[in-house]
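A.B. asks: Line by line, the protein sequences are chains A, B, C, D and E. Throughout the first sequence, residue numbering follows the numbering used here, covering 43 to 153 in sequence. Throughout the second sequence, residue numbering follows the numbering used here, covering 4 to 479 in sequence. Throughout the third sequence, residue numbering follows the numbering used here, covering 867 to 1500 in sequence. Throughout the fourth sequence, residue numbering follows the numbering used here, covering 1379 to 1553 in sequence. Throughout the fifth sequence, residue numbering follows the numbering used here, covering 2 to 464 in sequence. Cβ coordinates follow ideal geometry from the N, Cα and C atoms, glycine included. First the structure, which I've put down as structure tokens, then a few questions once you've had a look.
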Amino acid sequence: MPIQYYIYLSLALFSIGIVGVLVRRNAIIVFMCIELMLNAVNLLLLAFSKMHYNTALLTNKETTAGTEGQLFVFFIMVVAAAEVSVGLAIIVMMYRNIHSVDVNFLNRLKN
Amino acid sequence: MIPLSLILLPFVAGILSFFVKSDNGSKQLALFFSIATLAVMLLGLCVFNQSAYHHFDVSWLVSLGSRFTIGLDGMGKMLCLLTAISFPIIIAATYNNKYKSTNNFYALLLLTQAGLMGVFVAMDGLLFYFFWELALIPVYFLCSQWGGEKRIAVTFKFFIYTFIGSLLMLVGLLFLYYKTPQHSFAIKDLYNLHLAASEQNFAFWLFFIAFAIKMPIFPFHTWQPDAYEQSPTAVTMVLSGIMVKMGIFAVLRWLIPIFPDAAAKYGQLIIILSIIGIVYASLIAIKQDDVKRLIAYSSIAHIGLMCAAIFTMNSIGLKGVMLQMFSHGVNVIGLWIIADAIEQQLGTRKFSELGGLAQKAPTLAILLVVLAFANIALPLTNAFIGEFLMFNGLFQYNVYFAAIAGVGIILAAVYTLNMVQKVLYGNTTTITENAVEISGNVKWMLAIITIMIIVFGVYPQPMIDLTKDTVQALIK
Amino acid sequence: MNKLVYLVPLFPLIGFLINGLGRKSLSKSLIGIIGSAAILASFVVSVFLFIDVKAHGASVVTAFNFINIDTFKIGFAFQVDQLSSLFLLIITGIGFLIHVYSTAYMHEEKSEHFARYFAYLNLFVFSMLLLVLGANYVIMFIGWEGVGLCSYLLIGFWFKNNNYNYAAKKAFVMNRIGDLGFLLAVFWLIAKLGTVNYADVFAAANILSKFDVTAITLLLFVGAMGKSAQIPLYTWLPDAMAGPTPVSALIHAATMVTAGIYMIARSNVLYSMSEVTMNLVAIIGLATALLSATIAIKQNDIKKVLAYSTVSQLGYMFLGLGVGAYTGAVFHVMTHAFFKALLFLGAGSVIHAMHHEQDIRNMGGLKKKLPITHATFLLGCIAIAGIPPFSGFFSKDEILAAAYAHNPIYWGLGVAGAAMTAFYMFRLYATTFLGTFRGTHDQEHHLHESPKAMTIPLIILSILSVLGGLVGIPEILGGHHELHQYLSKVLISEKAHHIEHSTEYMLMAISVAIAALAVIFAIVHFSKKPELKDATGIAKAMENKWYIDELYDAVIVRPLEAVAVFLKNIIEKSGIDAFVNGVGKFVNYSSRQLRLVQSGQVGNCILIMVLSIVIFILLWFYDISIIRLVDKFF
Amino acid sequence: MNITQILFWFLSVLALVSALMVLLSKNPVHSVLWLIVVFFAISGHYILLNAQFLAIVNLIVYAGAIMVLFLFVIMLMNLSADTEPQKNVWMKLAGTIAGGCFLISACNVIYNAQNVSKEIAAKTALLNQGNIGLIGNLGKVLFKDYVVPFEISSVLFLSAIVGAVVIGKKEKNKV
Amino acid sequence: MNAIIFSALLGVVMMFSGILTTNKQAIKNIALVCLTLLLVANLANHYEWYSIKIDTKQMFSFSKYGYFFNTIAITATLLYVFVSGDDIVKVGSYGAEYFALIFFVLCGVTILSGYNNLLMLFLGIEIMTIPLYILTGSDKKNLHSNEAALKYFLMGAFSTGIMLMGIALLYGSSGNFGIETVVNITAGTLMKVPILEVIGLMFIFVSMLFKVSAAPFHFWTPDVYDGAPSVFTSFMATIVKSAGFIALITLFANKSEELGKLWNILLVIVIIATLLVGNITAVFQQSVKRMLAYSSIAQAGFMLFALYSKNDIARDGILLYTSAYSLATIGTFAILIKMDDHSINGYNGLAKSQPLLAATQSIFLFSLAGIPLTAGFFAKYFMLASVIRTGGSAAVYLVIIGVLFAAVSVYYYFKVIQAMYFKEGSAATSKITPNFKFALLVIAFLIILFGVMPDTLLGLFYF
């Protein structure tokens, strides 16, 4: 598959994530949209990984080029998991205090 | 060693003074150390006058290309002498003034002295910058803490104003630093720097704005009357007696030798500004109702003349400038002492509320008259020599400039005599009815100033000789 | 012998210091003695110097280097020559008499002020001596400003009265205007010749261009205008009568105001080189002489009349200088010093007797009560009116003759002025001494002749006024004009001598006749019925000094003050300072506005981030032109 | 067009549509479900790219663990379409436009990279083949070359654990 | 490597120390001991006495520079705990855990000082920020703290997404994650630079700018710094922010001239925007804490100068800057925490009631404002010098803009001094222990020491 399709697809997903962050007020949904962005990145990394593999395959049949990309995806997933645990804890903590998950509800810090 | 002790003595005393608990103790300490500094200075001038004693150099900030190099040349000696003389006089003359937390007051005052001394002896760009700021910070605290009603805002304006100036100077210094082949701040390396015209024109202003604010010359002067008015008088004396000389001094030491071409190029512009300043400040002084503000504007006018004379780059004029730095310092301190004596006693500085003091306090009257006439540069007072030489330089530069600046001489007479008349003459008012004679210490300090005024007015030659080497270096 | 020249200014200086510092402890008599003795000592030395100069000629004595910069040297040097030694005698001699007079005149003052007075007087004499002794223009300038200072101090001597203080200030400021001219001339000399020593300047004068000479002399003349009260800077002198009367006698008649004459006479080498200046000097002098004479006619204050008369006489002296009669001018300085001092002191005696009444309309008939004063005053009036053989005749006539030689119109106007002089002087004399007493009863009761200390100087001065002219009897009257011979070393001889003797006789006769007529008319007119009504019309304008003060006030003083107020309130406060504060306010304001951007909402923050990223991308990838532009710049 | 390509397009469209639905659903629970669909679609892509390991991990970690966590939280808070806070229209519009601008400019850059500077022209991602995405290969590299980051990421988890304790645990003593 | 391993292990130790003791003082002391150990470990590495050797497969490239930064960061943390330790354990009921998190943050910091691979950059940043989210929200009952934590978390996660997109694009172009490939690829000229590379790099750049709170990516900073418990704000604003700069420098400092020029356009915009927003907005703030938050943005603007100039002086200078800035900010926050009223008026008359606090506070503020003979001056000096070193008049204009804003900064820093010294009032503080005073004095002394002899500091460790 030509690589640009993957790039466009990822960028589209990424942008949808961004739009989600911008248009939603529910902290959980916003967070989900961020996860969507991360997934878009994952997909792109994987596509690139196979692209590099493909390129390297022309010269070397035994190549392992592109493995790093896949591993990077793995690490992103690891981090995302950790982030989710902390993020959800924070959201729950907030919900406990104000019984809302609206990101704009709390806006005491001004000036 | 002399310059080092000039800095260290007041510095150490200042630090000590923070820890002296008794009010009198700190006063005595300050007085003692300031006199000791004066003694060192006089020793340096008279006994240890070989150049070996006047230079000191240790390595410091090596990686930045800066050294702790200090030294005294003729101009430096003159200004250090001024500083050394002024501080004992200031401290003694305001000895009876009461300050909250006296020890801090004197500590900061002495630190200021250290900073000022440092400015006058620094032979390294970065070091100079340090002392330039070191002299400013204590003054900021002094004015803000012990000043008048509007002190905080006014002092802050002064501080920010000068701080912007000095930051620009720092930029200029850095610029020069990277232009020197060996990346150094040493004054001789900066002097040997041959900058291209465009570089000079550009960096010149970075320095000049800093100095112009400090002097101050028109139109950078508006901090000054406010600051003088609001500061405690002892500090005002330091400000106008010595600190404004920093600007003039810096132009002579750091600006002109490094940017000769730019100085020649923009000299005329600056002279015009200065001359506008002379007339402008003199006219405003005529309409002032406050002793301190009047002296402030008068000081602006005087400084304007000095600044104009510098940029004529005329050997006679330059000597006049250096002489006048000393003379103006001494004279203006005298005027402030009187202003302070009046304010301390009567609680007002308004002309409209004063009058008739000559009946009540004849000694004050006589001394004020002497100082007033020194202020308008009457012959046989020290100021005359300086002004005569400066006008001479200005005249040789441009006749019309000299003539317009000369209007300042006339206006100076008008406002100074206004002041004398409104303070001393006429009938007493309800406020001055119960005025008494000035106290002994004030009297003696003024007497010393008067003697200096006359002695240097009649026999200025030693002072002129002192400036010889500096002027020669500048003209070359 | 000429080393003694130090002593001449030194004695008054010592007197000043002793009286000034010891003003609280010394007794009045001691103060008087010290003050007078100092001047007497100077006088004695001056006499020796005079004799010495006469015998051995001029010399320059340098005390020390005053200002010494590379090749530019100004010594604190004294020049004792014919001109200065003559002035020394006038200053110390008359000064001494006035000091003696003052001991009595000022006796009512508290001892502190008494001492102050004598200190000032001594200081004045010191300054005046420096002025005439200086061997260069700078030393002269020192004295020049010094006498201005003393004049300021003495006019404002009674400092409780603010009008006096204003007068003092006016005097000083007007002098300063002149001083600026002087100073600029000195700078011009330095710029062109590199020296200010008389000897060097005059020796090198011929290398100066025409323009330079004219400029220098004109600027010097501006100085002289201020000091010697010429148009347009004369208005301070009448106001200066606020000071004690002996001061008026000494400063504003005999010595200080003649400094301008001295200076021009001293610089005669330069002046002779510039036709323009000479003409201007003559015209200004003549105009001043006439203008002030007209004013003097209508003044009712005894001192004011004398003051305007002084201005007028000074005008004559400038006329003399302008037409090249340097000796004549100096001669007139001398005789004028005698009779004007006499007149002022006489006036002082009258005022003293009248308990500080100065309005002549309240006097009259004082002849009997004050015989000595009357007699001496009359002699003084005759002398000033130019009646031969009194001193005024010779000196004035010399000037007039020279003026005729130069331009007959000058002479005509000069004679008119002389007539006016005679007229107002005798108007003054008649109103004061003749007729009946018009003052209060109380004043009449206390009228008495002044003490000896006052009358003896009057007598001495009247003798001098009468005989003083004899040193300068012109050749046509059979004299040798000793003064002229004495001064010929330092003053260029005037060109006045090509007038026919017969013409000269006729001129003398005409002027004397006119003066005599004026005298008679005045005595007749005023001895019986002095004018007491308020004047109207032109007379009122004359009484009000042609409204010159008001004119100055409207044209110079008030606009200047308006400008000052404008600068102070508008430019300084609302302009520069407002700008400086405005920068601070702007920072504050923008802070208040900028903080609103910080909405605190996550969505908004991220929105701005995203938009910034978009802008970054666009900047970097698309707007090549911007990049090129910036690229060039960096 | 072979089956792989058909699948690619299908999965892409599915992913995009579901992603949009995540935003558009009013009910948070629906959003979560749509997001799970996205993850499945992406996992499908992984399989197409022959990255089985990541596909599985993606399903387990994201769809399985993370999304379930989300779902639990939402259920716990009893969030529904009614309680869902809404931004005003302008903010939504601004957000959409900003996102659109981002997408367009970024795509344009990629387009340039492909057609102008040609740096990614003719490069393809290998589908269906290649064994680098298999667990054996990945495991070798992970424990040979990537052991340090692997170990270090444990610190991340440690802090996440601590965080969960610090933030999540109810405080006994009220302040 | 020592520092990374030790910080992780000691973090675990701290975690468990909470089980052993509930004595807050003891926990603090343990933390101090652990930090000292960490410092010694790092110094051991630095001076090559002892170092754990692990084959990192080019994941890291340790250098003296990195070690020195570690030393600074650890020392600053040590001082921070020394001066504010009592307040850390007071925030909530998890004293030991807070310290553990601080150690984990340090682990992230040490990773960032030596990373050689984009993966490590990513992991380092995450290790650094995730504990911070927690610390920010640690004052659980405080809505401000909640709000700050949520905002920080959401925005932080978003910026992580941006960074990952950047990394992905970069990878697409280069095929690996080593940062030397970044350097190599960007060494081309403008038109030959791969576009993917550049846009990827820019995404990373943007995300890093977010971390160091440069405008226009700074919006989280004021709210988060303001909302977080003050002790942790202090930590975030100093050590964490410095680490961000070190990471930025490592990533971008070696770029080529040609690309640099283009880069500079963006940088200049960012620098000026940052200085403007930070300084100007700080002027109006009434709360000292919020003012410090904005001022930290302003300081970031100054530190970005180093990125602009990218020369040796900049590299040295950023170390000095971070240490000077950290010292002064830690001290300022330590005093702020003790104040009852956090508004500027709350400082009125502090000089009377607590002269020592006021004096040291003044020194800290002087340093922040860049007054000579304090460390802050040389920090700014190095930044300005590095820019001027690059030559050209544009650099000088940039510097002039910088100093003008520095003058503005004096305005708000000195408002506090004015309040303390020149205004009447009764500034109330909580109990001040002698230890606290001693700690403040130590910080003040260090600031002055670096202000008088900055090259000693640099020379001691680095040259």
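Does the region 405-415 of chain B touch the region 355-373 of chain B, meaning 3 or more C-beta pairs lie closer than 8 angstroms?
C.D. replies: In short, these stretches do not touch, since the Cβ pair count stays below three.
A.B. asks: Once you ignore the five residues that flank Phe-437 (chain E) on each side, which residues in its own chain have a CB closer than 8 angstroms to its CB?
C.D. replies: Numbered from its first residue, the fifth sequence carries residue 437 (chain E) at position 436. Within the same chain, Phe-437 (chain E) has close Cβ partners Val-84, Asp-87, Ala-335, Lys-339.
A.B. asks: Am I right that His-1198 (chain C) and Gly-1186 (chain C) are in contact with their C-beta atoms under 8 angstroms? What's the rounded C-beta distance?
C.D. replies: If you number the third sequence from 1, residue 1198 (chain C) lands on position 332. If you number the third sequence from 1, residue 1186 (chain C) lands on position 320. That pair is a contact at about 6 angstroms.
A.B. asks: With DSSP as the reference, identify every bridge partner of Pro-44 (chain A), one or two as the case may be.
C.D. replies: Counted from its first residue, the first sequence places residue 44 (chain A) at position 2. Bridge partners of Pro-44 (chain A): D:Thr-1502.
A.B. asks: Using only the alpha-carbon positions, how far apart do Lys-363 (chain B) and Tyr-1032 (chain C) sit?
C.D. replies: Within the second sequence, numbered from 1, the residue matching residue 363 (chain B) stands at position 360. Within the third sequence, numbered from 1, the residue matching residue 1032 (chain C) stands at position 166. Their backbone Cα atoms lie some 21 angstroms apart in a straight line.
A.B. asks: Mind checking Gln-291 (chain B): buried by the 16 CB within 10 Å criterion, or exposed?
C.D. replies: The residue given as residue 291 (chain B) occupies position 288 in the second sequence. Gln-291 (chain B) is buried by the Cβ-count criterion.
A.B. asks: What does a CB cutoff of less than 6 angstroms around Lys-1411 (chain C) pick up in its chain, not counting 5 residues either side in sequence?
C.D. replies: Your numbering for residue 1411 (chain C) matches position 545 in the third sequence. For Lys-1411 (chain C), where only same-chain residues beyond five positions count, the Cβ hits under 6 angstroms are Ile-1161.
A.B. asks: Got a sec, what are the start and stop residues for the beta strand (DSSP E) Arg-70 (chain B) sits in?
C.D. replies: Taking the second sequence and counting its residues from 1, the one referred to as residue 70 (chain B) is at position 67. Start and end: 70-74.
A.B. asks: Strictly under 8 angstroms for the Cβ-Cβ distance: is Glu-1497 (chain D) near chain E by that measure?
C.D. replies: Here residue 1497 (chain D) refers to the residue found at position 119 when the fourth sequence is read from its first residue. Cβ-Cβ to chain E under 8 angstroms: yes for Glu-1497 (chain D).
A.B. asks: Using DSSP with H/G/I as helix, E/B as strand and the rest coil, what is Val-926 (chain C)?
C.D. replies: The residue labelled residue 926 (chain C) in the question sits at position 60 within the third sequence. Strand at Val-926 (chain C).
A.B. asks: Closest Cβ-Cβ distance between Ala-1393 (chain D) and chain C: below 8 angstroms?
C.D. replies: Locating residue 1393 (chain D) in the fourth sequence gives position 15, where the first residue counts as 1. So, not an interface residue.
A.B. asks: Please tell me whether Ala-1433 (chain D) and Ile-1425 (chain D) are closer than 8 angstroms, where the distance is taken between their beta carbons.
C.D. replies: By 1-based counting over the fourth sequence, the position of residue 1433 (chain D) is 55. By 1-based counting over the fourth sequence, the position of residue 1425 (chain D) is 47. Yes, they are a contact pair.
A.B. asks: DSSP three-state label for Tyr-116 (chain E), please.
C.D. replies: Counting from 1 along the fifth sequence, the entry for residue 116 (chain E) is found at position 115. In the structure shown, Tyr-116 (chain E) sits in a strand (DSSP, three-state: E or B).
A.B. asks: Can you name the residues of chain D whose CB is closer than 9 angstroms to the CB of Phe-105 (chain E)?
C.D. replies: On the fifth sequence, position 104 is the one that residue 105 (chain E) refers to. Ordered by position in chain D, the residues that pass the 9 angstroms Cβ test against Phe-105 (chain E) are Val-1533, Leu-1534, Leu-1536, Ser-1537, Val-1540.
A.B. asks: In this structure, how does DSSP classify Met-340 (chain E) when only helix, strand and coil are distinguished?
C.D. replies: As a first step, residue 340 (chain E) is located in the fifth sequence; it is residue number 339 there, counting from the start. The answer is strand: DSSP assigns Met-340 (chain E) an E or B state.
A.B. asks: Compare the C-beta of Glu-1462 (chain D) against all C-beta atoms of chain A and say whether one is closer than 8 angstroms.
C.D. replies: Counting from one through the fourth sequence, the residue named residue 1462 (chain D) turns up at place 84. It does: the Cβ of Glu-1462 (chain D) has a partner Cβ on chain A nearer than 8 angstroms.
A.B. asks: Please return the same chain residues whose Cβ sits closer than 6 angstroms to the Cβ of Phe-214 (chain B), not counting the five positions on each side in sequence.
C.D. replies: As a position in the second sequence, residue 214 (chain B) is number 211, starting the count at 1. The answer, listed in chain order, is Gly-250, Ala-253, Val-254.
A.B. asks: Among C:Val-1196, C:Ile-1021, C:Phe-1087, C:Leu-1085, which one has its Cα closest to the Cα of His-1118 (chain C)?
C.D. replies: By 1-based counting over the third sequence, the position of residue 1118 (chain C) is 252. Of C:Val-1196, C:Ile-1021, C:Phe-1087, C:Leu-1085, the residue nearest in Cα terms is C:Ile-1021.
A.B. asks: Are the region 158-175 of chain E and the region 244-254 of chain E in contact at 8 angstroms, needing three or more beta carbon pairs?
C.D. replies: Judged by Cβ distances under 8 angstroms, the region 158-175 of chain E makes no contact with the region 244-254 of chain E, as fewer than three pairs qualify.
A.B. asks: Give me the residue from B:His-224, B:Lys-160, B:Ile-140, B:Leu-7 with the minimum Cα distance to Gly-121 (chain B).
C.D. replies: As a position in the second sequence, residue 121 (chain B) is number 118, starting the count at 1. Looking at the Cα atoms, B:Leu-7 is the closest of the given residues.
A.B. asks: Which partner residues of Ile-1501 (chain C) appear in the DSSP bridge assignment?
C.D. replies: Residue 1501 (chain C) lies beyond the range of chain C shown here (867 to 1500); nothing can be said about it.
A.B. asks: Tell me which residues share the same chain as Leu-469 (chain B) and place their Cβ nearer than 7 angstroms to its Cβ, disregarding the 5 neighbours each side in the sequence.
C.D. replies: Taking the first residue of the second sequence as 1, we reach residue 469 (chain B) at position 466. Here the set comprises Gly-77, Lys-80, Met-81.
A.B. asks: Determine the burial state of Thr-1306 (chain C): buried for a count of at least 16 other Cβ atoms within 10 Å of its Cβ, exposed for fewer.
C.D. replies: Locating residue 1306 (chain C) in the third sequence gives position 440, counting from the first residue. Exposed, by the Cβ-count rule.
A.B. asks: Since Trp-135 (chain B) and Tyr-102 (chain B) should fall inside the 8 angstroms C-beta cutoff, what is the C-beta to C-beta distance between them, to a whole number of angstroms?
C.D. replies: What you label residue 135 (chain B) is simply residue 132 of the second sequence in a count that begins at 1. What you label residue 102 (chain B) is simply residue 99 of the second sequence in a count that begins at 1. About 26 angstroms; that fails the 8 angstroms criterion.
A.B. asks: Would you kindly work out how many angstroms separate the C-alpha atoms of Gly-28 (chain B) and Phe-108 (chain B), rounded to a whole number?
C.D. replies: Counted from its first residue, the second sequence places residue 28 (chain B) at position 25. Counted from its first residue, the second sequence places residue 108 (chain B) at position 105. Going from the Cα of Gly-28 (chain B) to the Cα of Phe-108 (chain B) covers about 12 angstroms.
A.B. asks: Please work out which residues of its chain come closer than 7 angstroms, Cβ to Cβ, to Glu-77 (chain A), disregarding the five sequence neighbours upstream and downstream, and give them in chain order.
C.D. replies: Residue mapping note: residue 77 (chain A) aligns to position 35 of the first sequence, counting from 1. Closer than 7 angstroms at the Cβ level, and outside the excluded window around Glu-77 (chain A), lie Ala-122.
A.B. asks: Compare the beta carbon distance of Leu-119 (chain B) and Ile-245 (chain B) with 8 angstroms and say whether it is the shorter of the two.
C.D. replies: Working through the second sequence from its first residue, we reach residue 119 (chain B) at position 116. Working through the second sequence from its first residue, we reach residue 245 (chain B) at position 242. Their beta carbons are under 8 angstroms apart, which means Leu-119 (chain B) touches Ile-245 (chain B) by this criterion.
A.B. asks: Is it the case that the Cβ atoms of Gly-1469 (chain C) and Lys-1404 (chain D) are separated by a distance below 8 angstroms?
C.D. replies: As a position in the third sequence, residue 1469 (chain C) is number 603, starting the count at 1. As a position in the fourth sequence, residue 1404 (chain D) is number 26, starting the count at 1. Their beta carbons are not under 8 angstroms apart, which means Gly-1469 (chain C) does not touch Lys-1404 (chain D) by this criterion.
A.B. asks: I want to see whether chain D comes within less than 8 angstroms of Ala-188 (chain E), judged by CB atoms only; does it?
C.D. replies: In the fifth sequence, residue 188 (chain E) corresponds to position 187, counting from 1. Low local confidence applies: a pLDDT of 49 at Ala-188 (chain E) is under 50, so the model's placement there is unreliable, with the coordinate-based value given in what follows. Not closer than 8 angstroms to any Cβ of chain D, the Cβ of Ala-188 (chain E) fails to qualify, so no.
A.B. asks: Just tell me which of D:Val-1544, D:Lys-1470, D:Trp-1412, D:Ile-1513 has its CA closest to the CA of Leu-136 (chain E).
C.D. replies: Here residue 136 (chain E) corresponds to residue number 135 of the fifth sequence, with the count starting at 1. Looking at the Cα atoms, D:Val-1544 is the closest of the given residues.
A.B. asks: Report the residue ranges of all alpha helix (DSSP H) runs contained in full by the region 91-153 of chain E; include only those spanning at least 4 residues, in chain order.
C.D. replies: With a minimum length of 4 residues, the continuous alpha helix (DSSP H) runs that stay inside the region 91-153 of chain E are 96-115, 119-137.
A.B. asks: Residues of chain A with a CB under 9 angstroms from the CB of Glu-127 (chain E): which are they?
C.D. replies: On the fifth sequence, residue 127 (chain E) is found 126 positions in, with the first residue counted as 1. Going along chain A in sequence order, the residues near Glu-127 (chain E) (Cβ under 9 angstroms) are Val-121, Ala-124, Glu-125.
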